[in-house]
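Participant:
Have a look at this one:
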């Protein structure tokens with residue numbers, strides 16, 4: 091028998107109120123009977139799909155203070171908000187080992203040997219078996235992250251350093267989507283297989299998510315090709331797919347084709363017509379790039395004052411995730427009072443402090459401050475000379491960020507560097523005009539942590555700006 095969406099054994103409602111008559115009125119409200127509470131829970135789970143079996147011996151929800159006149163309108167809203175927070179924390183606390191492992195791979199700042207990493211990332215023989223068993227059941231966003239890890243030199247190196255053939259084979263099988271083959275019946279997967287299957291997986295399911303080519307990753311293929319350690323059929327099939335599917339030619343295929351060994355291999359194994367078709371496409375595309383590069387200087391003169399300026403690329407668009415909290419930060423730093431910056435120099439200082447908030451001690455770069463200037467009420471290209479951040483200001487900024495992380499249920503397991511790399515240092519596009527400021531943030535799998543965010547991520551209004559910020563996340 092299929093269980094109901096939720097099974098509540100007992101409901102206890104506690105109301106603290108200084109008016110007995112009002113308390114009785116609320117307790118006898120039809121809103122609080124068990125049947126209606128069950129309907130509210132059913133409605134919640136129908137609206138917010140939770141891909142996980144959840145068992146809680148007790149579920150305590152503190153809805154806070156609600157005025158009597160607002161009770162009927164706010165009760166369900168507060169209940170849903172508390173359910174979101176509680177279940178998000180539950181899912182974070184019950185994250186599977188394979189999700190932690192993929193997260194470990196994807197992190198840019200973690201060390202190469204997982205045995206020496208933090209305790210919850212330790213790899214043992216028992217854990218390897220658990221990881222292999224959990225792999226077939228991971229969600230699509232985690233599979234995408236796993237595929238991207240195989241296309242990153244740093245992540246791939248960490249994966250290969252574990253030296254667990256069975257795990258590599260299981261990952262390869264997951265990416266190739268061959269679900270009916272036992273991991274112990276296949277030969278050990280090599281790095282080139284992981285790379286090709288990762289490319290094919292993203293091409294099949296998330297073609298817009300294909301990362302930029304990584305020369306170090308491609309070198310794994312060429313090295314093994316030189317050593318005759320590659321079954322060349324999958325490589326040929328990858329290029330043949332371009333012909334049969336008429337799929338958009340991605341940069342990985344283009345860069346692979348420029349490798350002489352691979353183009354020669356395709357020449358031997360493809361038909362004359364197939365090879366000629368691919369050669370023309372790659373050569374044409376390569377020539378088009380050169381031509382466009384040469385023409386760019388000539389075409390730049392009449393386009394000095396375009397009617398609609400193109401969007402500008404930024405690499406810190408993710409700072410918008412914290413937009414309502416920025417006035418508080420600037421206030422703590424002594425730059426902001428009575429809903430405005432204390433003086434113009436404070437705006438310049440805020441630009442540098444935002445850069446420190448996002449990047450930490452990394453060397454400041456002028457071009458990455460474009461969005462910071464706009465967010466601080468300055469012109470995007472305004473000349474702002476950088477000055478070193480005082481240690482006390484650094485401490486205040488870091489403590490402020492740590493406090494924010496600890497107060498957000500979805501981020502509680504993230505470190506300061508995790509938050510910076512996964513969210514704040516997110517690429518995007520900036521478009522400004524007289525009416526509004528538009529920021530488009532590049533999506534990533536970890537955006538699932540923003541599903542229950544406590545404030546809107548589609549529009550923002552900062553008190554010192556005369557235009558709204560339209561956010562496309």
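In the numbering used here, the protein residues as written are 91 to 563. Note that beta-carbon positions come from the ideal geometry of N, C-alpha and C, so glycine has one too.
1) Quick one: residues in its chain with C-beta nearer than 6 Å to the C-beta of residue 436, no 5 flanking neighbours on either side, listed in chain order?
2) Can residue 414 and residue 545 be called in contact, C-beta distance under 8 Å?
3) Per DSSP, which residues does residue 522 bridge with? Please list them.
4) Suppose contacts are defined by Cβ-Cβ distances below 8 Å. Is residue 531 in contact with residue 450 by that definition?
5) Going along the chain, which residues of its own chain have a beta-carbon closer than 6 Å to the beta-carbon of residue 552, five neighbours each way excluded?
6) Under three-state DSSP, which class holds residue 403?
7) Buried or exposed for residue 110, please, with buried defined as at least 16 other CB atoms from any protein chain shown within 10 angstroms of its CB.
8) Among the candidates 478, 514, 327, 312, whose CA atom is the shortest distance from the CA of residue 406?
9) With distances taken between CB atoms, is the gap from residue 460 to residue 510 smaller than 8 Å?
10) Could you spell out the range, first to last residue, of the beta strand (DSSP E) harbouring residue 108?
11) What does a CB cutoff of less than 7 Å around residue 304 pick up in its chain, not counting 5 residues either side in sequence?
12) Tell me, please, whether the region 347 to 364 touches the region 315 to 326 by the rule of three or more beta-carbon pairs shorter than 8 Å.
13) For residue 508, which of 556, 539, 151 has the nearest alpha-carbon?
14) Nearest by alpha-carbon distance to residue 189: which of 153, 233, 345, 517 is it?
15) Report the rounded CA-to-CA distance for residue 365 versus residue 351, giving the unit in angstroms.
16) Note down, in chain order, each residue of its chain lying with its Cβ closer than 8 Å to the Cβ of residue 320, except the 5 sequence neighbours on either side.
17) On the CB-based measure, 16 or more other CB atoms within 10 Å of its CB, does residue 300 come out buried or exposed?
18) My guess is that residue 526 and residue 560 are in contact by the Cβ rule of under 8 Å, so how many angstroms apart are they, rounded?
19) Going by DSSP in three states, residue 385 sits in which element: helix, strand or coil?
20) DSSP three-state label for residue 318, please.
21) What would DSSP say about residue 559, mapped onto helix, strand or coil?
22) Could you tell me which of 543, 446, 259, 245 sits nearest to residue 197, measuring between CA atoms?
23) Between the alpha carbons of residue 549 and residue 528, how many angstroms are there, rounded?
24) Where does residue 469 fall in DSSP's three states?
25) So is residue 148 buried or exposed if we call it buried at 16+ other beta carbons inside 10 Å?
26) Whole angstroms is fine: what's the gap from residue 341's alpha carbon to residue 125's?
27) Tell me the DSSP secondary structure of residue 219 in three-state form.
28) Return helix, strand or coil for residue 430, following the three-state DSSP convention.
29) Using the beta-carbon count (16 or more within 10 Å), is residue 210 buried or exposed?
30) Give the DSSP-derived three-state secondary structure of residue 101 in the structure shown.
31) Our contact map puts residue 467 next to residue 555 with C-beta atoms below 8 Å; I'd like the distance itself, whole angstroms only.
32) When you compare the CB positions of residue 261 and residue 236, do they come within less than 8 Å of one another, or not?
33) Pull up the distance between the alpha-carbon of residue 131 and that of residue 534, whole angstroms please.
34) Would you mind working out which of 458, 102, 464, 239 sits nearest residue 521, comparing C-alpha positions?
35) In this structure, how does DSSP classify residue 271 when only helix, strand and coil are distinguished?
36) Can the beta-carbon of residue 488 be found less than 8 Å from the beta-carbon of residue 506?
Facilitator: Once the coordinates are examined:
1) If the five residues before and after residue 436 are omitted, its C-beta is found closer than 6 Å to the C-beta atoms of 425, all from its own chain and listed in chain order.
2) By the CB criterion at 8 Å, residue 414 and residue 545 fall inside the cutoff.
3) 527.
4) The answer is no: Cβ separation not under 8 Å.
5) For residue 552, same chain residues with a beta-carbon under 6 Å away, outside a window of 5 residues either side, do not exist.
6) Note: residue 403 maps to strand in three-state DSSP.
7) Exposed, by the Cβ-count rule.
8) Of 478, 514, 327, 312, the residue nearest in Cα terms is 514.
9) Residue 460 places its beta carbon 8 Å or farther from that of residue 510.
10) Counting along the chain, residue 108 falls outside any beta strand (DSSP E), and DSSP gives it neither H nor E.
11) Cβ within range, chain order: 241, 242, 243.
12) Yes, since at least three Cβ pairs between the region 347 to 364 and the region 315 to 326 fall closer than 8 Å, the two stretches touch.
13) It is 539 whose Cα lies nearest to the Cα of residue 508.
14) Comparing alpha-carbon positions, the option among 153, 233, 345, 517 lying closest to residue 189 turns out to be 233.
15) Those two C-alpha atoms are separated by around 14 Å.
16) Contacts found: 280, 282, 311, 314.
17) With 16 or more other CB atoms across the displayed protein chains lying within 10 angstroms of its CB, residue 300 is buried.
18) The beta-carbon separation of residue 526 and residue 560, rounded to 5 Å, stays under the 8 Å limit for a contact.
19) With a pLDDT of 45 at residue 385, under the threshold of 50, the predicted position of this residue should be treated as unreliable, and no value is reported.
20) In the three-state reduction of the DSSP assignment, residue 318 falls in the coil class.
21) Assignment of residue 559 by DSSP, reduced to helix, strand and coil, places it in the strand class.
22) If we check each option's Cα against that of residue 197, 245 comes out closest.
23) C-alpha separation (whole angstroms): 9 Å.
24) Coil, per DSSP.
25) Answer is exposed; the Cβ neighbour count stays below 16.
26) Annotation: residue 341 to residue 125 spans about 57 Å, alpha carbon to alpha carbon.
27) Residue state, collapsed to three classes: helix.
28) Strand at residue 430.
29) Per-residue confidence for residue 210 stands at a pLDDT of 41, beneath the threshold of 50, marking its modelled position as unreliable; the derived number appears in the next sentence. The residue is exposed, with fewer than 16 neighbouring Cβ atoms inside 10 Å.
30) Of the three classes helix, strand and coil, the one that applies to residue 101 here is coil, per DSSP.
31) A Cβ-Cβ separation of about 6 Å places residue 467 in contact with residue 555 under the 8 Å criterion.
32) In this structure, residue 261 places its C-beta atom within 8 Å of the C-beta atom of residue 236.
33) When only Cα atoms are considered, residue 131 and residue 534 end up about 30 Å apart.
34) Taking each of 458, 102, 464, 239 in turn and checking the Cα distance to residue 521, the smallest one comes out for 464.
35) For residue 271, the predicted model reports a pLDDT of 46, less than 50, meaning its position is unreliable; a value from the coordinates is still stated below. It is coil, neither helix nor strand.
36) Cβ atoms of residue 488 and residue 506: closer than 8 Å.
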